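These notes concern the structure reproduced below.
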Amino acid sequence: MADPLQDTPPHIISLLDRLHAESSAQESAITISAIDPAKFHDIMRDKFIALDKDKCHFVYQLSRTINAKTIVEAGTSYGVSTIYLALAVAANVAATGGVGTVIGTEYEAEKAQKAREHWKECGSIVSDVIDLREGDLRETLKENIKEVDLLLLDIWTPMALPTLTLIQPRMRYGAVVIVDNTIQAAERYKELLDYLRAPGSGFTNLTLPYSNGLEMCVYLPQ
């Protein structure tokens with residue numbers, strides 16, 4: 360099978376394989392649909408909730424395709440998908456110049472610490488392009504954000520729409536929004552999906568056939 364990360368240093372590939380395996384093991388022991396929505400945040404507080412590997416490969420490839428240099432990730436957790444985003448941004452900067460940043464967000468301090476450890480293990484190719492902002496992203500994303508090329512929403516669903524509306528004024532024409540689990544969690548994402556799919560929203564939307572759904576939305580305001 361083709362691998363978009365074929366030129367990535369082996370130690371990073373090994374780390375990603377290990378982290379994906381740990382995340383999969385956690386997820387296999389949890390039935391998301393059976394969790395009381397009111398308790399969801401508390402139950403998932405110490406869980407990976409990492410983007411699936413094939414989805415990470417897609418987001419990496421997409422980031423390279425659009426030459427993304429400013430990416431916002433809502434819901435960094437242990438920093439697995441952030442590694443892919445950072446690799447893409449670093450490669451784009453190396454190829455076409457300029458400055459690149461992946462702005463990560465994480466509310467849980469312990470998760471933020473573990474994410475930093477993982478990025479340090481990757482080395483400067485990853486750690487140097489990440490700006491991790493801890494705390495309530497409704498506050499941490501209010502300023503110091505350049506024109507955004509891609510927004511990844513892999514977060515507690517009630518926070519998805521507030522994040523989008525906060526970042527949308529900073530999104531360039533043609534920017535992409537990726538939302539995970541939009542088939543499995545369609546009801547929990549209803550407010551967000553209604554917003555994205557409403558006539559005149561400025562977004563064109565496509566649900567990609569990955570496990571549990573992956574929404575790809577392109578910002579093309581009139």
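Sequence positions in the sequence shown follow the numbering used here and run 360 to 581.
C-beta: ideal position from N, C-alpha, C; glycine also.
These figures come from a predicted structure and were not determined experimentally.
Whole-number beta carbon distance between residue j and residue i, since they are thought to touch under 8 Å
{"i": "L512", "j": "V439", "result": "Actually they are not in contact, since the Cβ atoms of L512 and V439 sit about 15 Å apart, beyond 8 Å."}
{"i": "L496", "j": "I537", "result": "About 16 Å separates the two Cβ atoms, so there is no contact after all."}
{"i": "E493", "j": "E465", "result": "6 Å"}
{"i": "Y419", "j": "Y443", "result": "4 Å"}
{"i": "L510", "j": "M530", "result": "7 Å"}
{"i": "L555", "j": "F562", "result": "5 Å"}
{"i": "T441", "j": "A474", "result": "7 Å"}
{"i": "S382", "j": "A409", "result": "4 Å"}
DSSP state of residue i mapped onto helix, strand, coil
{"i": "E546", "result": "coil"}
{"i": "I408", "result": "coil"}
{"i": "I372", "result": "helix"}
{"i": "A433", "result": "strand"}
{"i": "L555", "result": "helix"}
{"i": "L364", "result": "coil"}
{"i": "Q385", "result": "helix"}
{"i": "K428", "result": "coil"}
{"i": "Q581", "result": "coil"}
{"i": "E570", "result": "At residue 570 the sequence reads Ser, which differs from the Glu that was named. Of the three classes helix, strand and coil, the one that applies to S570 here is coil, per DSSP."}
Beta-carbon spacing of residue i, residue j below 8 Å
{"i": "V507", "j": "V488", "result": "no"}
{"i": "N451", "j": "G463", "result": "no"}
{"i": "T435", "j": "L491", "result": "yes"}
{"i": "Y548", "j": "K414", "result": "no"}
{"i": "A449", "j": "S422", "result": "no"}
{"i": "L378", "j": "I372", "result": "no"}
{"i": "Y578", "j": "A534", "result": "yes"}
{"i": "A505", "j": "T566", "result": "In the sequence as displayed, the identity of residue 505 is Lys instead of Ala. The answer is no: Cβ separation not under 8 Å."}
{"i": "V431", "j": "I514", "result": "no"}
{"i": "N571", "j": "I542", "result": "yes"}
{"i": "A445", "j": "V485", "result": "yes"}
Span of the beta strand (DSSP E), counted from its first residue to its last, around residue i
{"i": "D539", "result": "M530 to D539"}
{"i": "L565", "result": "F562 to L567"}
{"i": "L573", "result": "L573 to Y578"}
Start and end residues, alpha helix (DSSP H) containing residue i
{"i": "N451", "result": "V439 to T455"}
Closer than 7 Å: residue i CB and nearest the ligand GTP heavy atom
{"i": "R529", "result": "In the structure shown, the ligand GTP is absent, as is every other ligand, since no ligand is present at all."}
**Prompt:** Residue ranges of each beta strand (DSSP E) run of no fewer than 3 residues wholly in the region 458-527, ordered along the chain?
**Reply:** Counting only runs of 3 or more, we get 460-465, 489-493 and 507-512.
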